[in-house]
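Structure record follows, encoded as structure tokens.
In full-length UniProt numbering, the protein residues as written are 1 to 70.
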């Protein structure tokens, strides 16, 4: 059983961190609908609908009080 080699080379928390980072990048790309590197209210509204999450424009405005840029 060579599982101990994998565990010693890439600890579980490192694998989780890599996976989480990848997931967040993909999510950002989905939400950045217009591709400008930021997520505005319109991007968030459309992006969330793509993901099956339906919010009102007011909800989206509250969520984007702080702009997100990559």
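We treat Cβ as the ideally placed atom computed from N, Cα and C, and that holds for glycine.
Endpoints, the alpha helix (DSSP H) within which residue i is located
i	result
residue 42	41-50
Neighbour-count burial assignment, residue i, 16 or more Cβ in a 10 Å radius
i	result
residue 47	buried
residue 18	exposed
residue 45	buried
residue 32	buried
residue 71	Here the chain comprises residues numbered 1 to 70, so residue 71 is not present and cannot be evaluated.
Option in the options with minimal Cα separation from residue i
i	options	result
residue 27	15, 41 and 50	50
residue 53	35, 30, 37 and 38	30
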